[in-house]
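In this text, residue positions in the sequence shown follow the working numbering: the first is 779, and each later residue adds one. Notes to accompany the following structure.
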Amino acid sequence: MRRHRIRPEVLFNPDYDERLTAPPKERGFLVAAQLRAARPLLSAQDSLDELALLAKTAGIEVVGRAVQHLQRIDPATYIGSGKVREVQEQVALLGADVVIFDDELAPNHQRELEKIFGETVKVIDRSALILDIFAQHARTREGALQVELAQYQYRLPRLTRQWTHLARQAGGGSGRSGTGGVGLRGPGETQLEADRREIEKRIAKLKDEIEAVRAHRSRHRLQRARQGIPTIALVGYTNAGKSTLLNALTDAKVYAADQLFATLDPTTRRLALPGGKHVLISDTVGFIQKLPTTLIAAFRATLEEVSEADMILHVVDAAHPHAAAQIETVEDTLAEIEVPRLPCILVLNKIDKLRDGVPALRGSDRYAAIVPISAQTGEGIPSLIDQIERVLRESMLEIKLFVPYQRSDLLAVIREQGILDQAQPTPEGMHIRAHVPPRLAALLAEDRI
């Protein structure tokens, strides 16, 4: 590991650790800008703590940080030329390879800062870092497509000479993009223009492929709805414990780890309720503050699992010091992707790590139930299953329907997933009154089942 002369105050930096035995590939320096008039969900230091975890997840060792308090963002350098010089000195002193800004940099800020720091120090922002993590963790073809699209959409307005020949390939350098090099240029066309044209072609192709994935998912959802099986979507801040909860409920054996964005690809498993009915539970990608808009757009096909669900389980790390801010971030993201108002249970996870009891959280009246659990130890899981069954039952809609005898399969679906209140036989069929899940009621009304 490289050694540098460190000032005494650096030794007390919580992000700096020279004791690591295996040196990481890159050493990062974090930078945040705090507008004096702003009222963010997290303070600049707390947001940098989260950025440090993101950097660690990406394999970067954080060696320092800086916060600049501003009246307004500097139009040229984002944090002002004086602060940039100060960061440059710290980067040189600590031997950092990459400077990571906590907010998404505008293309002009990116270009100016890259000029200042030169070719030996990379300049990236939170969005680029998250995109890199997603590229590392995407396991399925669908996940890889969505990440690659988000990366290209992010990079297109930021093309400079150092991006020529697509040197920084989508997919975290894995070569999944399959773009190879750039084709022959037309008369008078610069390399930058050729790269931009090639990326635009790739974006169009990726959108077509993702649309095919979206259509495939839609057919699967319709098939599930025709079977009358209610679907529950797990949502929550990254590392809240969604995958661990899915494993606890269904023995899904999904990979779960104490890190940000440990799993990206959606997983759906069946859960038997105490009353004998079944539901499908779908894990979804975790949310985080300042989630790149390109990533939300690219993952819309996956996030449609939430919009099309019958119920949401909002999983929260109840032991996290900023649990309330994380809840608000998730709610804002759900609103951004236009998820309709659905029955929702607030699942306060990781209560085994609490010292002072379950915290009281504002806005809890918006939820159909609040259930404290530990997905790790199993505490509270039976109570959560009972609440799932209760909320689903209370959300059912009353229907009145005539079922011909040749469609006895409809009665089987209604009995399995709803409550058959009354069945009056006639020579041609049965007049029934029942309570069924909303999506099954809609399919029956449209004669699509």
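A virtual CB, placed ideally from N, CA and C, is assigned to each residue, including glycine.
In this structure, Pro1008 lies near Pro1215, with their beta-carbon atoms less than 9 Å apart. Residue burial annotation: Gly860 is exposed, with fewer than 16 other C-beta atoms found within 10 angstroms of its C-beta. Here Asn1025 carries a helix assignment [DSSP, helix/strand/coil]. Contact annotation, Arg1048 with Thr1028: C-beta distance approximately 7 Å; criterion of less than 8 Å satisfied. Boundaries of the beta strand (DSSP E) harbouring Ser1060: His1056 to Asp1061, taken from the DSSP string. Around the Cβ of His998, a 10 Å sphere holds fewer than 16 other Cβ atoms; the residue is exposed. At a cut-off of 3 residues, the continuous stretches assigned as beta strand (DSSP E) that sit fully inside the segment 798-828 are 804-813. Pairing Lys1020 with Val1136 gives a Cβ-Cβ distance that is not under 9 Å.
For the options Val877, Leu907, Thr918 and Arg917, the alpha carbon positioned closest to that of Thr898 is the one of Val877.
Leu1179 is bridged by DSSP to Ile1210. Asp910 sits away from Ala844, with the two beta carbons spaced by 9 Å or more. From the listed residues Asp824, Ile1010 and Arg1144, the smallest Cα separation to Ala811 is found for Asp824. The alpha carbon of Arg889 has as its nearest neighbour, out of Leu934, Arg850 and Glu864, the alpha carbon of Leu934. Taking a 10 Å sphere around the C-beta of Thr1204, we find fewer than 16 other C-beta atoms and assign the residue as exposed. For Val1108, same chain residues with a beta-carbon under 7 Å away, outside a window of 5 residues either side, are Val1013, Gly1014, Tyr1015, Phe1065 and His1092 in chain order. When the beta-carbon positions are compared, Leu1188 and Leu1132 stay at least 9 Å from each other.
Three or more beta-carbon pairs drawn from the segment 1078-1087 and the segment 1112-1128 are found closer than 8 Å, and the two stretches are therefore classed as touching.
Per DSSP, the unbroken alpha helix (DSSP H) holding Arg1193 starts and ends at Ser1186 to Gln1195. By the C-beta density criterion, Asp1199 is exposed, having fewer than 16 other C-beta atoms within 10 angstroms.
DSSP lists Asn1127 as the beta-bridge partner residues of Asp1095.
In this model, Asn1025 and Leu907 are separated by some 28 Å (Cα to Cα). With at least 16 other beta carbons inside 10 angstroms of its own, Glu926 counts as buried.
Non-local C-beta neighbours of Lys1068 in its own chain, meaning closer than 6 Å and more than five positions away in sequence, comprise Arg904, ordered along the chain. Classified as exposed, His994 has fewer than 16 neighbouring CB atoms from the shown chains inside 10 Å of its CB.
Shown here for Arg814: same chain residues with a beta carbon closer than 8 Å to its own, the five before and five after excluded, namely His847, Leu848 and Gln849 in chain order.
The residue from Ile894, Val840 and Thr1045 with its alpha-carbon nearest to that of Glu864 is Ile894. Following the DSSP letters along the chain, one finds Leu1049 inside the beta strand (DSSP E) bounded by residues Thr1045 to Ala1050. Here Ile977 carries a helix assignment [DSSP, helix/strand/coil].
Listed in chain order, the non-local C-beta contacts of Arg974 below 8 Å within the same chain comprise Leu934 and Leu937, local neighbours out to five positions each way being set aside.
Taking all protein chains in view, the Cβ of Lys1178 is surrounded by fewer than 16 other Cβ atoms within 10 Å, so the residue is classified as exposed. Under the DSSP assignment, Glu920 falls in the alpha helix (DSSP H) whose first and last residues are Arg919 to Arg933. The alpha-carbon separation between Lys803 and Leu829 amounts to approximately 18 Å. Closest in alpha carbon position to Phe912, among Pro1150, Val869, Leu808 and Ile1074, is Ile1074.
Under a 10 Å Cβ-count criterion, Leu883 is classified as buried, with 16 or more other Cβ atoms of the shown protein chains found around its own Cβ.
Contact between Tyr932 and Pro818 is ruled out by a C-beta separation of about 22 Å, above the 8 Å threshold.
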